[in-house]
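Notes follow the structure.
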Ligand code: FEO
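In structure tokens form, the structure reads like this:
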């Protein structure tokens with residue numbers, strides 16, 4: 282069944298209430314999803330995107346009820362991933378000569394998935410347009426790495442509809458198609474989850490690309506995504522949200538996640554959380570056991586936090602495997618501007634906390650001193666955990682906090698040694714059951730100084746694909762001679778691997 286979108290545009294997509302896994306099993310789609318395809322009937326009939334390959338039959342069957350397939354003049358594929366281009370094989374078997382408009386990268390992916398290099402591909406670039414009659418055109422905007430190298434958006438003039446594909450979408454299924462028809466809080470939760478888990482690594486590019494699109498000064502009456510709702514009411518609100526999320530987003534929130542062999546590390550998490558709340562009740566403290574909670578919810582909370590505390594028992598002198606997996610994922614998501622600390626209980630050796638601390642530092646967090654407790658925390662050790670939490674609350678406060686007499690008296694009454702975040706490694710593990718573990722590291726100030734002193738030899742990392750610009754090598758393929766400092770590399774320079782511009786490069790410390 283089609284749904285009228287605007288004038289001669291109809292939704293001809295597919296809802297998927299049942300789906301619970303995306304990208305293998307890495308993304309839990311708790312609210313299902315939809316695959317949005319659009320049929321435009323102007324002077325030319327245009328199909329924008331298809332649906333997931335598992336719905337190929339349903340999609341083509343319903344499309345045939347909307348239009349004689351032979352009357353489709355062209356197909357636009359904004360993104361070649363299988364949830365949008367998946368129905369092409371069946372569709373093209375019925376209309377094999379229909380032109381397909383897509384980016385050059387998309388041809389590689391479509392051919393790789395469908396094995397039909399003979400299809401009538403037409404490459405488009407940013408600014409290219411097609412006249413579709415009735416005074417309207419489709420204008421293409423490449424959006425590489427939002428979130429694949431082949432991605433693009435299509436803008437329809439006059440109707441002012443931006444077909445944005447994955448960007449601005451959500452894994453959210455509802456019979457109602459427009460944002461003003463569904464429950465706002467539920468919708469925004471899914472938008473945030475989608476951004477945090479999929480788009481975070483590309484935040485620098487999100488900002489640059491949105492400003493590029495805004496620079497065209499095109500009116501936007503609707504943002505027609507490829508997953509979830511169409512933004513009809515105040516459609517630019519989601520664009521503004523993306524700009525906010527892409528700018529080192531943080532709330533006054535601390536996320537604690539841990540894994541625990543014998544519940545001891547869980548007890549520490551509780552104690553630390555109590556200390557934080559005691560000193561700064563305005564901080565939202567969220568606690569998760571990685572073995573029991575939804576991973577994507579944890580990552581969404583990490584995304585929205587000013588800092589995170591990661592706990593693990595020590596097992597075989599390393600951290601527990603699920604914590605290691607989370608740290609690997611967090612490293613890949615490339616969060617910026619967040620603080621972090623490690624904690625955990627141990628028995629014979631306490632290697633987990635040190636390893637977590639090192640991993641968090643490597644992942645770009647501003648790490649603070651960690652905390653170890655030997656065996657099960659007793660009353661004294663729990664008080665030390667609370668004191669650790671109080672210190673974290675003070676250290677990570679976004680604005681000056683006024684401590685209550687109650688929280689201050691707790692500190693004075695405590696028999697435990699003060700746990701200073703600036704304090705070096707505890708004198709001896711044997712002297713105390715609970716103790717600071719690892720010296721503070723990763724000072725942003727010193728990093729800045731290091732970068733400045735590196736001068737003209739400073740290498741630059743493409744934050745999208747990890748390609749490295751080395752001034753000593755230059756980039757001869759773009760006429761950048763060896764010995765060219767980054768500041769002298771021309772603005773039209775593109776990363777040789779992913780094709781993105783200078784704006785996504787960062788100095789390597
Ligand atoms: Fe919704 Fe990147 O596919």
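In our numbering, the protein residues as written are 282 to 790.
All C-beta atoms, glycine included, are put in the ideal place defined by N, C-alpha and C.
Within its chain, find whatever has a CB closer than 6 Å to the CB of residue i; leave out the 5 residues flanking it on each side and keep chain order.
{"i": "residue 318", "result": "293, 294, 330, 331, 332"}
{"i": "residue 762", "result": "755"}
{"i": "residue 296", "result": "315, 454"}
{"i": "residue 711", "result": "Confidence at residue 711 is low in this model, with a pLDDT of 28, below 50, so its placement is unreliable and no value can be given for it."}
{"i": "residue 541", "result": "547, 594"}
{"i": "residue 409", "result": "421"}
{"i": "residue 750", "result": "741"}
{"i": "residue 545", "result": "626, 657"}
Taking 8 Å as the limit between beta carbons, can you name the residues of its chain near residue i, skipping five residues before and five after?
{"i": "residue 432", "result": "359, 360, 384, 423, 424, 425, 426, 446, 447, 448"}
{"i": "residue 474", "result": "451, 452, 577, 578, 581"}
{"i": "residue 335", "result": "367"}
I need the DSSP call for residue i, collapsed to helix, strand or coil.
{"i": "residue 383", "result": "strand"}
{"i": "residue 656", "result": "coil"}
{"i": "residue 548", "result": "helix"}
{"i": "residue 446", "result": "strand"}
{"i": "residue 747", "result": "coil"}
{"i": "residue 703", "result": "Its pLDDT being 29, under 50, residue 703 is placed unreliably by the model, and the measurement read from it follows with that caveat. Three-state DSSP puts residue 703 in coil, outside helix and strand."}
{"i": "residue 366", "result": "helix"}
{"i": "residue 625", "result": "strand"}
{"i": "residue 651", "result": "coil"}
{"i": "residue 542", "result": "coil"}
{"i": "residue 341", "result": "helix"}
{"i": "residue 553", "result": "helix"}
{"i": "residue 441", "result": "coil"}
{"i": "residue 475", "result": "helix"}
{"i": "residue 731", "result": "Because residue 731 sits at a pLDDT of 41, beneath the cut-off of 50, its placement in the model cannot be relied upon, and the following sentence gives the value as read from the coordinates. Residue state, collapsed to three classes: helix."}
{"i": "residue 567", "result": "strand"}
{"i": "residue 692", "result": "Reliability fails at residue 692, whose pLDDT of 42 lies under 50, so the model's placement of it is uncertain and the value that follows must be treated cautiously. Helix."}
{"i": "residue 460", "result": "helix"}
{"i": "residue 526", "result": "helix"}
{"i": "residue 665", "result": "helix"}
{"i": "residue 414", "result": "strand"}
{"i": "residue 770", "result": "coil"}
{"i": "residue 584", "result": "helix"}
{"i": "residue 315", "result": "strand"}
{"i": "residue 332", "result": "coil"}
Let me check understanding here. Comparing Cα to Cα, which of the options lies closest to residue i?
{"i": "residue 387", "options": "379, 621, 377, 398", "result": "398"}
{"i": "residue 630", "options": "377, 643, 600, 605", "result": "600"}
{"i": "residue 752", "options": "770, 477, 744, 310", "result": "770"}
{"i": "residue 552", "options": "653, 456, 621, 586", "result": "653"}
{"i": "residue 310", "options": "613, 479, 597", "result": "479"}
{"i": "residue 523", "options": "742, 548, 510, 486", "result": "486"}
{"i": "residue 471", "options": "355, 442, 508", "result": "508"}
{"i": "residue 571", "options": "593, 777, 313, 555", "result": "593"}
{"i": "residue 625", "options": "606, 645, 642, 598", "result": "598"}
{"i": "residue 742", "options": "312, 783, 773", "result": "783"}
{"i": "residue 490", "options": "785, 789, 468", "result": "785"}
{"i": "residue 737", "options": "411, 766, 467", "result": "766"}
{"i": "residue 348", "options": "683, 492, 525, 282", "result": "282"}
{"i": "residue 779", "options": "510, 527, 746, 668", "result": "746"}
{"i": "residue 526", "options": "488, 533, 492", "result": "488"}
{"i": "residue 788", "options": "396, 748, 777", "result": "748"}
Hey, would you say residue i sits closer than 9 Å to residue j, going by beta carbons?
{"i": "residue 637", "j": "residue 623", "result": "yes"}
{"i": "residue 286", "j": "residue 503", "result": "yes"}
{"i": "residue 590", "j": "residue 640", "result": "no"}
{"i": "residue 615", "j": "residue 744", "result": "yes"}
{"i": "residue 604", "j": "residue 567", "result": "no"}
{"i": "residue 595", "j": "residue 670", "result": "no"}
{"i": "residue 529", "j": "residue 484", "result": "yes"}
{"i": "residue 381", "j": "residue 355", "result": "yes"}
{"i": "residue 391", "j": "residue 366", "result": "yes"}
{"i": "residue 588", "j": "residue 677", "result": "yes"}
{"i": "residue 419", "j": "residue 494", "result": "no"}
{"i": "residue 634", "j": "residue 651", "result": "yes"}
{"i": "residue 673", "j": "residue 649", "result": "yes"}
{"i": "residue 505", "j": "residue 583", "result": "no"}
{"i": "residue 312", "j": "residue 467", "result": "yes"}
{"i": "residue 556", "j": "residue 668", "result": "yes"}
Which residues in the same chain have their Cβ closer than 7 Å to the Cβ of residue i, if we skip the five residues on either side of it in sequence?
{"i": "residue 289", "result": "321, 322, 323"}
{"i": "residue 284", "result": "291, 292, 458"}
{"i": "residue 372", "result": "331, 341"}
{"i": "residue 513", "result": "459, 460, 461, 503"}
{"i": "residue 417", "result": "323, 437, 438, 439, 440"}
{"i": "residue 353", "result": "326, 328, 376, 379"}
{"i": "residue 562", "result": "none"}
{"i": "residue 230", "result": "Because the chain here runs from 282 to 790, residue 230 falls outside it and cannot be looked at."}
Query raised in the report: Any residues whose CB sits closer than 5 Å to a heavy atom of the ligand FEO? List them in chain order?
Result: 362, 364, 447
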